[in-house]
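This report refers to the structure that appears directly beneath it.
Residue numbers (this note's numbering): 114 to 193.
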């Protein structure tokens with residue numbers, strides 16, 4: 114697993130979002146490479162990453178999250 118450094122900027126710093134992107138980039142590229150080596154096409158890997166990120170964001174939303182929680186549990190079971 115790729116090391117992800119802790120943030121160095123405060124929560125209200127405008128550069129924090131870019132710092133987070135840089136912090137997770139190596140891990141995402143490692144995941145992309147691992148999935149590609151397993152036989153998945155890069156286009157479908159990236160689309161899947163985006164879908165998982167969007168679903169995760171929705172699940173963490175306090176208003177929408179509870180309404181889609183059963184759907185996400187079902188989706189996660191299909192991955193196993």
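Just so you know, even glycine gets a beta-carbon here, dropped at the ideal spot from N, CA and C.
Within the continuous alpha helix (DSSP H) that includes residue i, where are the two ends?
i	result
residue 128	Where residue 128 is concerned, there is no enclosing alpha helix (DSSP H), given that its DSSP letter is neither H nor E.
residue 171	155-173
How many Å lie between residue i and residue j at the Cα?
i	j	result
residue 124	residue 148	33 angstroms
residue 155	residue 145	7 angstroms
residue 132	residue 141	15 angstroms
residue 151	residue 115	18 angstroms
residue 139	residue 183	31 angstroms
residue 126	residue 170	21 angstroms
residue 118	residue 129	13 angstroms
residue 157	residue 172	22 angstroms
Which residues in the same chain as residue i place their Cβ atom closer than 8 angstroms to its Cβ, once the five residues preceding and following it in sequence are excluded?
i	result
residue 159	145
If you drop the 5 nearest sequence neighbours on each side, which residues of the same chain put their C-beta closer than 6 angstroms to that of residue i?
i	result
residue 136	117, 118
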